[in-house]
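Take 495 as the starting number for the sequence shown in my numbering and just add one per residue.
Reviewing the structure listed below.
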Amino acid sequence: MQIIQIPCRQDNYAVLIHDDETNLTLLFDAPEHEPIAKILQANGWDLDAILITHYHYDHVEAAASLKNQFNAKVYGPKLRSEGQDYINHYIQDLKEIRFGNIHIQIFQTPGHIPEQIVYYIPSLKSAIVADTIFSLGCARILGGTAQELFQSLELLKQLPDDTNLYCGHEYTQSNGEFAISIDPNNQALIKRIAEVKMLRSKNLPTLPTTLSNEKSTNPFLRCYDAEIRKTLNMQNASDEAVFTELRLRKDSF
Ligand SMILES: [Zn+2]
495 MQIIQIPCRQ DNYAVLIHDD ETNLTLLFDA PEHEPIAKIL QANGWDLDAI LITHYHYDHV
555 EAAASLKNQF NAKVYGPKLR SEGQDYINHY IQDLKEIRFG NIHIQIFQTP GHIPEQIVYY
615 IPSLKSAIVA DTIFSLGCAR ILGGTAQELF QSLELLKQLP DDTNLYCGHE YTQSNGEFAI
675 SIDPNNQALI KRIAEVKMLR SKNLPTLPTT LSNEKSTNPF LRCYDAEIRK TLNMQNASDE
735 AVFTELRLRK DSF
């Protein structure tokens with residue numbers, strides 16, 4: 495089984511999973527038609543299913559056109575308002591979905607927006623986290639609440655440390671500037687920022703990241719940390735209050 499990250503648009507990523515044994519191919523999010531179709535055609539793969547994380551246009555713009563070209567089924571979270579006409583199956587209420595050998599666990603992770611799904615594939619040690627968490631940062635609050643996002647990230651923190659996190663955007667470099675302003679003496683963070691700078695100078699992706707990497711560098715997963723609390727002058731606050739303050743500061747950074 496293989497997993498491929500596909501750069502799309504300005505700074506988006508889509509993710510493909512292909513199982514050689516069953517010849518099944520799944521796509522997670524559909525930001526742009528051409529780069530995704532190109533990889534499918536280059537490998538001679540059909541597209542069996544498209545799984546949507548959330549309905550921001552930069553994650554779904556090519557869902558209908560890819561569905562049509564490859565005759566794929568489209569799965570996604572259930573909207574509170576009206577549905578999307580290209581969706582075949584709403585999966586908000588499922589805990590797990592299976593395509594042949596590919597077993598996917600479904601997590602509800604509101605905060606960025608109310609309807610956001612994270613797809614976790616244990617056999618690949620990978621989670622498609624889209625816009626919940628980014629390397630060195632986290633989602634903006636666009637319809638959800640900071641409390642929801644905090645709880646969603648706490649849920650993702652329960653995954654195994656060696657889980658690969660496939661984020662929806664290449665935001666790592668700018669996120670690093672905020673992270674280091676909050677946590678300036680964190681040696682793991684300093685090292686990661688240098689690595690990111692090197693990768694981006696060669697136009698290489700900084701993703702996927704791993705949960706353990708983010709636990710040691712990402713301030714939004716480190717609300718308990720004494721140094722971060724000192725920076726914020728919030729030594730006695732709850733982790734959730736620290737998180738909310740970090741999110742507010744990042745908004746105007
Ligand atoms: Zn989004």
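Even glycine gets a Cβ: it sits at the ideal position worked out from N, Cα and C.
- The chain-ordered list of residues whose CB is nearer than 5 Å to some heavy atom of ligand 1 reads His550 and Asp625.
- With fewer than 16 other CB atoms across the displayed protein chains lying within 10 angstroms of its CB, Asp514 is exposed.
- Inter-segment contact for the stretch 649-659 and the stretch 695-711 is present: three or more beta-carbon pairs are separated by less than 8 Å.
- If you draw a straight line from the Cα of Leu659 to the Cα of Ser620, it comes to about 6 Å.
- Distance from the Cα of Ile530 is smallest, within the candidate group Cys502, Leu545 and Thr547, for Cys502.
- In the structure shown, Phe737 falls within a helical segment according to DSSP collapsed to helix, strand and coil.
- Residues His548, Leu636, Gly637 and Gly638 of the same chain have their beta carbon placed closer than 6 Å to that of Ile607, with the five preceding and five following residues left out of the count.
- The DSSP-derived three-state label of Gly594 is coil.
- For Asn562, the closest of Tyr580, Asp745, Ile511 and Phe522 by C-alpha to C-alpha distance is Tyr580.
- Straight-line measurement puts the Cα of Thr700 at about 31 Å from the Cα of Asn727.
- Rounded to whole angstroms, the separation of the alpha carbons of Gln586 and Gln578 is 14 Å.
- Residue pairing for Cys502: DSSP places it in a beta bridge opposite Asn506.
- Residue range Ala640 to Leu650 is occupied by the alpha helix (DSSP H) that includes Phe644, with no beta strand (DSSP E) assigned at that position.
- In the DSSP assignment, Asn658 falls within the beta strand (DSSP E) that extends over Asn658 to Cys661.
- Between the stretch 541-559 and the stretch 516-532 there are three or more inter-stretch CB-CB distances shorter than 8 Å, so the stretches are counted as touching.
- For Gly570, the number of other beta carbons within 10 angstroms of its own is at least 16, and it is reported as buried.
- The DSSP-derived three-state label of Asp745 is helix.
- In the three-state DSSP reduction, Thr547 falls in the coil class, being neither helix nor strand.
- Take the alpha-carbon of Ala543 and the one of Tyr665: they are about 27 Å apart.
- Around the beta carbon of Asn679, fewer than 16 other beta carbons lie within 10 angstroms, which makes this residue exposed.
- In the three-state DSSP reduction, Ile627 falls in the strand class (E or B).
- From the listed residues Asp540, Ile622, Tyr613 and Phe747, the smallest Cα separation to Asn506 is found for Ile622.
- If you look at Ile611, you'll find it in the beta strand (DSSP E) that goes Ile611 to Ile615.
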